[in-house]
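A.B. asks: What follows is a single structure, and I will ask about it in a moment.
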Amino acid sequence: MGSGFWWRLINSALVGILCFHSLSHAQKVPNYTFVQQATSAPAVSYYEYIIVGGGTSGCPLAATLSHNASVLLIERGGSPYGNQNITNLGSFSATLADTSPSSASQRFISEDGVINARARVLGGGSCLNAGFYTRASTDYVRDAGWDGSLVNQSYQWVEKIVAFEPPMLQWQSAVRDGLIEAGILPFNGFTYDHIYGTKVGGTIFDRDGHRHTAADLLQYANPKGLTVLLRATVHRIFFRTKGKVRPIAHGVVFRDAAGVKHRAYLKKGSMNEIILSAGSIGSPQLLMLSGVGPAQHLRSHNIKVTLDQPLVGQGMADNPMNAVFSPSPNPVEVSLIQVVGITRLGTYIEAASGSNFGSPSSAPQRDFGMFSPQTGQLSVVPPKQRTPEAIAKATEAMKALSYEAFRGGFIIEKIIGPVSTGHLELRNRNPEDNPLVTFNYFREPEDLKRCVDGITVIEKVIQSKAFSNFRYPYLSIQALINMTSNFPVNLLPRHDNDSTSLEQFCKDTVMTIWHYHGGCQTGRVVDQDYKVLGVDGLRVIDGSTFHDSPGTNPQATVMMLGRYMGVRILNERLAMNRSN
């Protein structure tokens, strides 16, 4: 067969890969009496806890604290319920492709040139991701200084609501067996635990293909103790400084969807706090906008310095992901990530498959999954070259492709850590705008070596006997790598040696898997109790405090952390009340 045939098939695959049929089952929408639009909020209000960010950690944190305190949870986005692009697995990529101001996904482009996304919805990143659910390792828990028993209890609290065992069909089973054949041993079966070897992990998609998010954990809340405001953007944290040894956080100012300003203050009481759970982009950004950050940088934006803290925004990291596409001569199921190979090489191997089930009449409704020109995270082209016109042109080219039957899947690797880190700086003083973020992908040689090792494992999986039914025997690994590196959705300049230099392949095809973290790290910006160093009445509880991404995929641990710290804070509060 000629190369033109294979390119048509490759392009057709990108239409169907990770794209699912919408499911007809209706998902029950929770009746949260405590959730309201911020436009209905009073001009001034008072609470014992104010949580900024109703995301993956903020929701379980708020639900927990509401049982013994009055809690305000402020979310800049809307509700995930009733949004089929979020709820249905079949619309997984549609939200990432939506760049409208009201989208649950806010696109940002790192200064490295990688297109990325941050959540703007109640439930946070758990509303946008590919759904894989897996815990952090016991070593990670120990190094974080967490109480192992409470960690396990907190994971279980989360899992009762949002975690499920995925169906294992033929393609994912072949990947699983290929990993075992490639020596990623032992096979650990289905488990949420992080164990060396190959395993089937959990998913937040149920058997009907409905997504369950951190917002579902609000089912645990005490309705009388919680107020959730939607489409409320916090602009600044208020600090008391006059006559104080240390600045004390005591309130926030936010604007609703109509632009009306509101203020929320802490009630009197030494245990009352403001807690940032706005994520690895939002939390360091809001600290800086509130005057906590590098003094010189803050002054350059005419921000009054509350505390000179040069480590705010430092340690930003994003685990690079790379993939190899393998076309299949036999049918494959449509699947998101279900299996993971946890290697001893510092890399994780996962996979997703799909098929072009659409007919020509359904063309207007089709999208291109996470490997698409709309989501764009495959590209590392400098931002100025990533024009809407260029993306639209690539999209239209894909739509014009034939509907030849095609099957295949992507096997991906993500490195641990990473070692390479960057930083975050303010772009301006508008909290709605993305700050400037640099991740420095593969700056450290150790990260690049791990990527190469991961691609080498992928090669072994594809060449395994277990995977033989899903590969064309006359397509070499070099041919597959060359195909992958030359996808038309990837607009970065190509190199002739991508198929012979895995180092170059890693650099040229780097993607985000949305596992970025850092910016308010423990021991640097917050202490082991997540209290912001140098000020009182303020904590940060989210992924911005991480030094490394937990486990193969972080969402389980971020949700766990919200519950874990909520329990600890309530226990501290109860102990204080007893002593009084």
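Residues in the sequence shown are numbered consecutively from 285, following the numbering used here. Built from N, CA and C at the ideal position, the CB exists for glycine as well. Nothing here was measured: the structure is a model prediction, and the numbers come from that model.
(1) Given that a residue counts as buried once 16 or more other Cβ atoms are within 10 Å of its Cβ, and exposed if not, what is A516?
(2) Could you tell me whether the segment 607-616 touches the segment 735-753, where touching means 3 or more Cβ pairs closer than 8 Å?
(3) Within 10 angstroms of its Cβ, does V435 collect 16 or more other Cβ (buried), or is it exposed?
(4) Please classify L858: is it buried, with 16 or more other beta-carbons within 10 angstroms of its beta-carbon, or exposed?
(5) Would you mind reading off the limits of the alpha helix (DSSP H) that contains A428?
(6) Would you call the segment 483-491 and the segment 321-336 touching, i.e. three or more CB-CB distances under 8 Å?
(7) How big is the Cα-Cα spacing for E634 and E709?
(8) Who are the near neighbours of R862 in its chain, counting only those whose CB is closer than 6 Å to its CB and skipping five residues on each side?
(9) Using the rule of at least 16 other Cβ atoms within 10 Å of the residue's Cβ for burial, across every protein chain shown, is M860 buried or exposed?
(10) Alpha carbon to alpha carbon, how far is L582 from L514?
(11) Buried or exposed for R426, please, with buried defined as at least 16 other CB atoms from any protein chain shown within 10 angstroms of its CB.
(12) According to DSSP, is D477 part of a helix, a strand, or is it coil?
(13) Tell me where the alpha helix (DSSP H) around P470 begins and ends.
(14) Quick check on D820: does DSSP put it in helix, strand or coil?
(15) At what residues does the beta strand (DSSP E) containing E697 begin and finish?
(16) Would N864 be called buried (16 or more neighbouring beta carbons within 10 Å of its own) or exposed?
(17) Mind reading off the beta-carbon distance from A562 to T705? Whole number of angstroms is fine, and I expect it under 8 Å.
(18) Pull up the distance between the alpha-carbon of K490 and that of M843, whole angstroms please.
(19) Does DSSP put E688 in a helix, in a strand, or in coil?
(20) Are the segment 413-425 and the segment 395-402 touching, with three or more C-beta to C-beta distances below 8 Å?
(21) Just to check my reading of the structure: G599 and R852 have Cβ atoms closer than 8 Å, yes? What is that Cβ distance to the nearest angstrom?
(22) What's the C-alpha gap between D461 and I695?
(23) Can you pull the DSSP bridge partners for P729?
(24) Within a Cβ cutoff of 7 Å, which residues of the same chain sit near V703, ignoring the five residues on either side of it in sequence?
(25) Helix, strand or coil for A533, going by three-state DSSP, please let me know.
(26) For the segment 708-724 against the segment 759-771, do three or more pairs of beta-carbon atoms, one drawn from each stretch, fall closer than 8 Å, so that the two count as touching?
(27) I'd like the span of the beta strand (DSSP E) that includes M605, first residue to last.
(28) Kindly identify the DSSP beta-bridge partner or partners of L591.
(29) Look at I746 and I559 and say whether their C-beta atoms are less than 8 Å apart.
(30) Can you tell me whether Y439 is buried or exposed, with buried defined as 16 or more other CB within 10 angstroms of its CB?
(31) Counting Cβ pairs closer than 8 Å, one from the segment 516-533 and one from the segment 439-452, do we hit at least three?
(32) Using the Cα positions of F497 and S341, report the straight-line distance between them to the nearest angstrom.
(33) Write down the C-beta distance between V446 and L501 rounded to the nearest angstrom, noting that I regard them as a contact closer than 8 Å.
(34) Determine the direct distance from the alpha carbon of A466 to that of Q456, and round the result to whole angstroms.
(35) Report the partner residues of R547 according to the DSSP bridge assignment.
C.D. replies: Answer, in terms of the structure:
(1) In the sequence shown, residue 516 corresponds to position 232, counting from 1. By the neighbour-count rule (16 or more Cβ atoms within 10 Å), A516 is buried.
(2) yes
(3) Within the sequence shown, residue 435 is the residue found at index 151, counting from 1. Counting Cβ neighbours within 10 Å, V435 comes out buried, since at least 16 surround it.
(4) Here the question's residue 858 lines up with position 574 in the sequence shown. Exposed, by the Cβ-count rule.
(5) Within the sequence shown, residue 428 is the residue found at index 144, counting from 1. Residues 422-428.
(6) no
(7) To locate residue 634, count along the sequence shown from 1; it is residue 350. To locate residue 709, count along the sequence shown from 1; it is residue 425. Their Cα atoms are separated by approximately 33 Å.
(8) For the purposes of this step, residue 862 is identified with residue 578 of the sequence shown, where counting begins at 1. Cβ neighbours of R862 beyond the five flanking positions: none.
(9) Looking up residue 860 in the sequence shown gives position 576. Per the 10 Å Cβ criterion, exposed.
(10) Sequence index remark: in the sequence shown, residue 582 carries index 298 (1-based). Sequence index remark: in the sequence shown, residue 514 carries index 230 (1-based). Those two C-alpha atoms are separated by around 29 Å.
(11) Counted from its first residue, the sequence shown places residue 426 at position 142. With fewer than 16 Cβ atoms within 10 Å of its Cβ, R426 is classed as exposed.
(12) Within the sequence shown, the letter at position 193 stands for residue 477. Coil, per DSSP.
(13) Indexing the sequence shown from 1 puts residue 470 at position 186. Here P470 belongs to no alpha helix (DSSP H), and DSSP marks it neither H nor E.
(14) For the purposes of this step, residue 820 is identified with residue 536 of the sequence shown, where counting begins at 1. Strand at D820.
(15) By one-based count along the sequence shown, residue 697 stands at place 413. Here the beta strand (DSSP E) through E697 covers 691-699.
(16) Locating residue 864 in the sequence shown gives position 580, counting from the first residue. N864 comes out exposed.
(17) One-based indexing of the sequence shown puts residue 562 at position 278. One-based indexing of the sequence shown puts residue 705 at position 421. That pair is no contact at about 20 Å.
(18) Here residue 490 is taken as the residue at index 206 of the sequence shown, counted from 1. Here residue 843 is taken as the residue at index 559 of the sequence shown, counted from 1. Checking the sequence, you will find Asp at residue 490 rather than Lys. Each residue's alpha carbon lies about 18 Å from the other.
(19) Sequence index remark: in the sequence shown, residue 688 carries index 404 (1-based). The pLDDT assigned to E688 is 34, lower than 50, so where the model puts this residue is not dependable; a value taken from the coordinates is nonetheless given after this. If DSSP states are grouped into helix, strand and coil, E688 belongs with coil.
(20) no
(21) Residue mapping note: residue 599 aligns to position 315 of the sequence shown, counting from 1. Residue mapping note: residue 852 aligns to position 568 of the sequence shown, counting from 1. About 24 Å; that fails the 8 Å criterion.
(22) Taking the sequence shown and counting its residues from 1, the one referred to as residue 461 is at position 177. Taking the sequence shown and counting its residues from 1, the one referred to as residue 695 is at position 411. One C-alpha to the other measures close to 13 Å.
(23) Counting from one through the sequence shown, the residue named residue 729 turns up at place 445. Paired residues: none, contrary to the question.
(24) Walking along the sequence shown from the start, residue 703 turns up at place 419. E728, E730, D731.
(25) Residue mapping note: residue 533 aligns to position 249 of the sequence shown, counting from 1. Residue state, collapsed to three classes: strand.
(26) no
(27) Locating residue 605 in the sequence shown gives position 321, where the first residue counts as 1. Start and end: 604-611.
(28) What you label residue 591 is simply residue 307 of the sequence shown in a count that begins at 1. DSSP lists V576 as partners of L591.
(29) Along the sequence shown, read from residue 1 onward, the residue named residue 746 stands at position 462. Along the sequence shown, read from residue 1 onward, the residue named residue 559 stands at position 275. Taking 8 Å as the Cβ cut-off, I746 and I559 do not qualify as a contacting pair.
(30) Reading the sequence shown from its first residue, position 155 is the one you call residue 439. Y439 should be labelled buried.
(31) no
(32) Position 213 of the sequence shown holds residue 497. Position 57 of the sequence shown holds residue 341. Looking at the sequence provided, one finds Thr at residue 497 rather than Phe. Approximately 11 Å between the Cα atoms of the pair.
(33) Within the sequence shown, residue 446 is the residue found at index 162, counting from 1. Within the sequence shown, residue 501 is the residue found at index 217, counting from 1. Right, the Cβ-Cβ distance comes to about 7 Å (below 8 Å), so this counts as a contact.
(34) Taking the sequence shown and counting its residues from 1, the one referred to as residue 456 is at position 172. Taking the sequence shown and counting its residues from 1, the one referred to as residue 466 is at position 182. Their backbone Cα atoms lie some 15 Å apart in a straight line.
(35) Position 263 of the sequence shown, counted from the start, is the residue given in the question as residue 547. Note: R547 sits in a beta bridge opposite V328, V537.
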